[in-house]
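Structure first, then comments.
What follows is the structure, given as C-alpha cells:
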C-alpha cells in the first residue's frame with residue numbers, strides 16, 4: 001500500500017463523533033483520489049466532513065465540497081436543535097468557505113443540484129436502516145463519476161435496526177472494496193472504473209496478510225487522534241476547572257472582605273451598645289415616672305368624676321323636691337284665690353241688697 005503525507009496530519013477540529021478514528025484514512029483518500037467534487041450525505045457535527053475539507057486545503061486541491069443534511073437528527077444519531085448546524089456553519093465559513101458549502105435539505109432535494117457523473121467521492125452517513133442506506137446509494141449512484149468512490153460508515157454495527165452491514169455485504173461482492181473494522185467500521189466501495197492505482201492496490205489487499213497490517217496502521221493512526229482529542233478535552237476541562245476555581249476564590253475573597261467589614265461593623269455596634277443601653281434605661285426610667293404621674297392623675301380624675309356624679313344626683317333630688325314644693329304652693333295659692341273671690345262675691349251681694357229693694361219699690365209706683 002502507498003503511504004502519503006496527509007495520512008499523518010493532526011486533526012484541526014474534531015467534534016465528538018464515532019468517525020474520529022477514520023480521519024487518517026480520509027486524509028489519505030483525499031490526497032490519493034484528488035476529487036473534483038466531494039459530497040457527504042449526513043454530516044451531524046461535521047467530524048468527517050471537516051476532515052475532508054482539511055485535507056483538501058492541505059493538499060492544495062481544487063475540490064468543491066458539499067455537506068447535505070437537515071440537521072435535526074434521526075432515530076440513530078438522536079435529535080437536536082439548530083445549535084449543531086449553527087456551530088458547524090460558522091466554523092465552515094471561517095475555515096473553508098472558499099470551496100465548501102452546507103446544504104440544509106433532504107438528500108433527495110439535494111440530488112437535483114448535481115449533474116450525473118459529477119461526484120468523485122460520496123460519503124453516505126444518513127439514516128442507517130437497510131432500506132434508507134440502499135435508497136441513498138441507488139439514488140446517488142447515477143451522480144458518481146468514472147472515478148467514483150462511495151464510503152459507508154457503521155458497517156460493523158449490528159444493533160438498533162442498523163442495516164449498513166447488510167447492504168455492504170451485498171455491494172462489496174459487486175465492486176472492488178475495502179473495509180476498516182475499527183471505529184464502528186468504514187466501507188470503501190470503488191464504483192467508478194477509472195481508479196487511482198493506490199486505491200486498486202488497497203482493494204486488492206482483501207484477504208491477505210497485508211490487509212491486517214493496513215488495518216492496524218490506520219487503527220493506530222486513528223487511535224492517536226482519539227487520544228489527542230481526549231487530551232484536548234481533558235485540558236479544556238482543566239482550564240474550565242481552573243477558571244471556576246479562580247472565580248470561586250475571587251468570590252471567596254469578596255465574601256471574606258464582606259465578612260471583615262461585617263465584623264468591623266459588629267465591633268462598632270458593640271462599642272456603641274452600652275451607650276445605647278444607658279440611653280434606653282434612662283428613657284425607660286422617665287417613662288416609668290411619667291406613667292406613675294399619669295396613673296395618679298387618672299385616680300384623681302376618677303375621684304372628681306365620682307364626686308361630680310354624686311353632687312349631680314343630690315342636685316337632681318333637690319330640684320325635684322323644689323319643683324314639688326312649688327307645685328304645692330301654687331295649688332294652695334289658687335285655692336286661696338278662689339276663697340277670696342267667693343268671699344268678695346258674697347260681701348258685695350249683701351252690700352247691694354238695700355239698693356235692690358229701693359229699686360223695686362220705685363218701680364212699683
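Numbering (the numbering used here), first residue to last: 1 to 365. No residue lacks a Cβ here, since even glycine has one placed at the ideal position from N, Cα and C. Model, not experiment: these values are computed from the prediction.
Using DSSP with H/G/I as helix, E/B as strand and the rest coil, what is residue i?
{"i": "residue 258", "result": "helix"}
{"i": "residue 105", "result": "coil"}
{"i": "residue 183", "result": "coil"}
{"i": "residue 164", "result": "helix"}
{"i": "residue 288", "result": "helix"}
{"i": "residue 144", "result": "strand"}
{"i": "residue 172", "result": "coil"}
{"i": "residue 310", "result": "helix"}
{"i": "residue 212", "result": "helix"}
{"i": "residue 157", "result": "coil"}
{"i": "residue 177", "result": "strand"}
{"i": "residue 21", "result": "helix"}
{"i": "residue 98", "result": "coil"}
{"i": "residue 1", "result": "coil"}
{"i": "residue 85", "result": "helix"}
{"i": "residue 274", "result": "helix"}
{"i": "residue 448", "result": "Here the chain comprises residues numbered 1 to 365, so residue 448 is not present and cannot be evaluated."}
{"i": "residue 91", "result": "helix"}
{"i": "residue 126", "result": "coil"}
{"i": "residue 241", "result": "helix"}
{"i": "residue 247", "result": "helix"}
{"i": "residue 297", "result": "helix"}
{"i": "residue 253", "result": "helix"}
{"i": "residue 116", "result": "coil"}
{"i": "residue 9", "result": "coil"}
{"i": "residue 223", "result": "helix"}
{"i": "residue 279", "result": "helix"}
{"i": "residue 229", "result": "helix"}
{"i": "residue 236", "result": "helix"}
{"i": "residue 30", "result": "helix"}
Name the DSSP beta bridge partners of residue i, please?
{"i": "residue 64", "result": "37"}
{"i": "residue 121", "result": "38 and 149"}
{"i": "residue 69", "result": "104"}
{"i": "residue 218", "result": "DSSP, once it has assigned bridges, lists no residue as partnering residue 218."}
{"i": "residue 411", "result": "The question about residue 411 has no answer, for the chain in this structure spans 1 to 365."}
Look at residue i and residue j and say whether their C-beta atoms are less than 8 Å apart.
{"i": "residue 195", "j": "residue 147", "result": "yes"}
{"i": "residue 180", "j": "residue 25", "result": "yes"}
{"i": "residue 11", "j": "residue 23", "result": "yes"}
{"i": "residue 225", "j": "residue 188", "result": "no"}
{"i": "residue 66", "j": "residue 39", "result": "yes"}
{"i": "residue 211", "j": "residue 217", "result": "no"}
{"i": "residue 107", "j": "residue 82", "result": "no"}
{"i": "residue 222", "j": "residue 182", "result": "yes"}
{"i": "residue 35", "j": "residue 154", "result": "no"}
{"i": "residue 18", "j": "residue 55", "result": "no"}
{"i": "residue 165", "j": "residue 158", "result": "yes"}
{"i": "residue 128", "j": "residue 73", "result": "no"}
{"i": "residue 46", "j": "residue 88", "result": "yes"}
{"i": "residue 186", "j": "residue 199", "result": "no"}
{"i": "residue 118", "j": "residue 192", "result": "no"}
{"i": "residue 123", "j": "residue 172", "result": "no"}
{"i": "residue 64", "j": "residue 27", "result": "no"}
{"i": "residue 111", "j": "residue 71", "result": "no"}
{"i": "residue 1", "j": "residue 201", "result": "yes"}
{"i": "residue 125", "j": "residue 41", "result": "yes"}
Within the continuous alpha helix (DSSP H) that includes residue i, where are the two ends?
{"i": "residue 47", "result": "47 to 59"}
{"i": "residue 197", "result": "197 to 203"}
{"i": "residue 132", "result": "130 to 140"}
Can you say whether residue i is buried or exposed, counting buried as having 16 or more other CB atoms within 10 angstroms of its CB?
{"i": "residue 115", "result": "exposed"}
{"i": "residue 80", "result": "exposed"}
{"i": "residue 251", "result": "exposed"}
{"i": "residue 258", "result": "exposed"}
{"i": "residue 21", "result": "buried"}
{"i": "residue 32", "result": "buried"}
{"i": "residue 14", "result": "buried"}
{"i": "residue 43", "result": "buried"}
{"i": "residue 102", "result": "buried"}
{"i": "residue 368", "result": "As displayed, the chain neither begins before 1 nor continues past 365, which places residue 368 out of reach and without an answer."}
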